[in-house]
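*Asks:*
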Amino acid sequence: MTPEAASPTAAARPFVGAARVLAGAGTSARIGEELVATGVPAERGAVLVVVDAAVLELGLAAPALAGLDAAGFDVRIAPAVAREPTPETITALTAAAEGGAVAAVIGIGGGSAIDAAKLACASLTNSIPLTAGLAPTAALSATPKLLAVPTTAGTGAEVTSVAMLWHEDRKRIFVHDRLVPSHATLDLELLVQSPPPVTAASGLDAISHAVESLLSTFRSPLSEARSRSALRHLSHALPAAFAGDPTAHGEMLLGAHEGGLGLNASVAVGHSIAYAIAGQAGLSHGVSCAMALPYCLAYCRAASERQLVEMAPWAGLDPEPKAMLDWIVELNDELGIPGSLAEVGIVLDAIPEMAREVVELYPRPNNPVPVELETLEALFVDFYNGHAQEAWSRHATTAGSTAS
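Here the numbering used here is used: position 254 in the sequence shown is 341, and no number is missing along the way.
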């Protein structure tokens, strides 16, 4: 297994994000005004609102809906998104838009609702292969204006070009510039009711984005700046928010947003491992990513010690290569994240299949160390037993491998 240096063309990768961002407590009530201000008058067409089911039930979407109504928009509320979306979810959402022109689509919720809104918006004017995924080079026609209002501090989906669907027990990945919302609204008041387990899972997802994008060979100066800032915000805000400090949620929201911008570099093998875990154990994306992150750091160690040393102070740690792994293991334990595959009911016999899934279904050409089946299977054995420290030792740095 030979470590790879960072791509010499990494800095040339485009950096995408929402063109307009409104941040502050209560800002979701101004979303109707924002639509008008960005060139979408009420007479242009209806607004399709895609909302997370829990968000709708708690009334957290009410300010945005009231703002749209006050601005004179014809609002169509699509069927609520109750779980990670499937192709059938998107079909049901687009059906709710039938009967007239749609000027804008608004996603309100966590990553699942926003991903569903992205794909529903693109599907209104394009034939999207919902069971197969979407490549960034696909030719897509213009779509209605897409707006996102996150209610969790995790995915950063309000600024990314990525959306995910579940189909036949695995993730389908959609990546395209047409999926980037043109507008994001960061409203602190929508997060304060998040229960601690949701706060933990979403925040650890955001930390995974920051850390893995800093390991990616596709990283650029812009993505690195955003990921480092995300890590600085999240490292102290997440434990505080989990402990009940309502003021910490605002900093988490900012950190997750910046982590989403850091995803311009893409993530590393940790997310691929997380998809395999979710397929076996049905865990949420945030929990799967949190479980996988220490093993991602171990796997990437041979090419990434310098990056790990550099990022440690951004998390308030001493600049030592292993500091990040130790911190993530301790943070996961503090926030109630399972520490092993065995703990979530995954059996040892599932490891070969999981390793093949990572290599074949979720390859990571940007991973700093090549993702190889035999090495990955050994890593999964350590993961099964909850031996993150042993995994780190097995992936010791080779001579000269810290160059990037």
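No residue lacks a Cβ here, since even glycine has one placed at the ideal position from N, Cα and C. Treat the numbers as computed from the prediction; the structure is a model and nothing was measured.
#1: Is the beta carbon of His-296 closer than 9 Å to that of Val-246?
#2: Kindly identify the DSSP beta-bridge partner or partners of His-270.
#3: Less than 6 Å between C-beta atoms, sequence neighbours within five positions excluded: which residues of the same chain meet that for Ala-363?
#4: Evaluate Thr-485 with the Cβ neighbour count: other Cβ atoms within 10 Å of its Cβ, from every protein chain shown; 16 or more gives buried, anything less gives exposed.
#5: Pull up the CB-CB distance for Val-136 and Val-168, whole angstroms please, since I reckon it's below 8 Å.
#6: From this set, Phe-102, Pro-333 and Leu-463, which residue's C-alpha is nearest Asp-264's C-alpha?
#7: Would you check if the region 379-394 and the region 403-418 touch, i.e. whether three or more CB-CB distances between them fall below 8 Å?
#8: Assuming Ala-105 and His-270 are in contact, meaning their beta carbons sit under 8 Å apart, how far apart are those beta carbons, in whole angstroms?
#9: Do three or more CB pairs link the region 198-218 to the region 150-160 at distances below 8 Å?
#10: Spatial neighbours of Thr-89 within its chain, please: C-beta separation below 6 Å, excluding the five flanking residues on both sides.
#11: For Ala-204 and Phe-305, I'd like the C-alpha separation in whole angstroms.
#12: Please specify which runs of the beta strand (DSSP E), each continuous and at least 3 residues long, are wholly inside the region 139-191, giving them in chain order.
#13: Take the Cβ of Ala-249 as the centre, count every other Cβ of all protein chains shown within 10 Å, and call the residue buried at 16 or more, exposed below.
#14: Output needed for Gly-113: all residues of its chain with C-beta closer than 6 Å, excluding positions within five of it in sequence on either side, in chain order.
#15: Contact between the region 229-240 and the region 329-346: three or more CB pairs below 8 Å?
#16: Count the other CB atoms, across all protein chains shown, that sit within 10 Å of the CB of Ala-229; report buried if there are 16 or more and exposed otherwise.
#17: Can you grab the Cα-Cα spacing for the pair Leu-278 / Thr-224, in whole Å?
#18: What does the alpha-carbon distance come out to for the pair Leu-395 and Glu-421?
#19: Quick check: the region 423-442 against the region 467-485, are at least 3 beta-carbon pairs closer than 8 Å?
#20: With burial defined as no fewer than 16 other Cβ atoms inside 10 Å of the residue's Cβ, what is the status of Val-356: buried or exposed?
#21: Are there 16 or more other CB atoms within 10 angstroms of the CB of Pro-95, so buried, or fewer, so exposed?
#22: Using DSSP with H/G/I as helix, E/B as strand and the rest coil, what is Lys-409?
#23: With C-beta atoms as the reference, is Ala-141 less than 9 Å away from Gly-194?
#24: For Ile-215, which three-state DSSP category applies?
#25: Taking just the CA atoms, how far does Ala-379 sit from Gly-132?
#26: Along the alpha helix (DSSP H) that carries Trp-479, what are the first and last residues, could you check?
#27: Any idea what DSSP makes of Val-458, helix, strand or coil?
#28: Is it buried or exposed for Glu-447, if we count other Cβ within 10 angstroms and need 16 for buried?
*Replies:* Let me spell this out:
#1: For the 9 Å CB-CB criterion, Val-246 and His-296 do not form a contact.
#2: Secondary-structure assignment with DSSP links His-270 through a beta bridge to Arg-107 and Leu-234.
#3: Excluding sequence neighbours, Ala-363 sits near Met-441, Glu-444 and Val-445.
#4: Because the pLDDT at Thr-485 is just 46, under 50, the model does not fix this residue reliably, and the value given afterwards should be weighed accordingly. Looking at its Cβ environment, which holds fewer than 16 other Cβ atoms inside 10 Å, Thr-485 is exposed.
#5: Contact between Val-136 and Val-168 is absent: CB atoms are separated by about 11 Å, not below the 8 Å threshold.
#6: Nearest in C-alpha terms to Asp-264, of all of Phe-102, Pro-333 and Leu-463, is Phe-102.
#7: Yes, the region 403-418 is in contact with the region 379-394.
#8: Sure, about 6 Å apart at Cβ, within 8 Å.
#9: Result no; under three Cβ-Cβ pairs closer than 8 Å.
#10: Legend: pLDDT at Thr-89 = 42, less than 50; position of this residue unreliable, value from coordinates given subsequently. No residues qualify anywhere along the chain.
#11: In a straight line, the C-alpha of Ala-204 is about 27 Å away from that of Phe-305.
#12: Entirely contained in the region 139-191, the beta strand (DSSP E) runs reaching 3 residues are, in chain order, 162-164.
#13: Sequence check: residue 249 is Val here, not Ala. So Val-249 counts as buried.
#14: Taking C-beta separations shorter than 6 Å and ignoring five residues to either side along the sequence, the partners of Gly-113 in its chain run Glu-276, following chain order.
#15: With a cut-off of 8 Å, the region 329-346 and the region 229-240 count as touching, because enough Cβ pairs lie within range.
#16: When all chains shown are included, Ala-229 counts as exposed.
#17: Cα-Cα distance, rounded: 35 Å.
#18: Computed Cα separation, rounded: 22 Å.
#19: Contact between the region 467-485 and the region 423-442 is present, with at least three C-beta pairs closer than 8 Å.
#20: By the Cβ-count criterion, Val-356 is buried, with 16 or more other Cβ atoms from all chains shown falling within 10 Å of its own Cβ.
#21: The predicted model places Pro-95 with a pLDDT of 42, which falls under 50 and marks its position as unreliable; any figure quoted below should be read in that light. By the beta-carbon neighbour count (other beta carbons within 10 angstroms, threshold 16), Pro-95 is exposed.
#22: Three-state result, Lys-409: coil.
#23: Their beta carbons are not under 9 Å apart, which means Ala-141 does not touch Gly-194 by this criterion.
#24: In the structure shown, Ile-215 sits in coil (DSSP, three-state: anything other than H, G, I, E or B).
#25: Straight-line spacing of the CA atoms in Gly-132 and Ala-379 works out to 44 Å.
#26: First-last of the alpha helix (DSSP H) with Trp-479: 475-481.
#27: Looking at Val-458 - three-state DSSP - the assignment turns out to be coil, as it is neither helix nor strand.
#28: Taking all protein chains in view, the Cβ of Glu-447 is surrounded by fewer than 16 other Cβ atoms within 10 Å, so the residue is classified as exposed.
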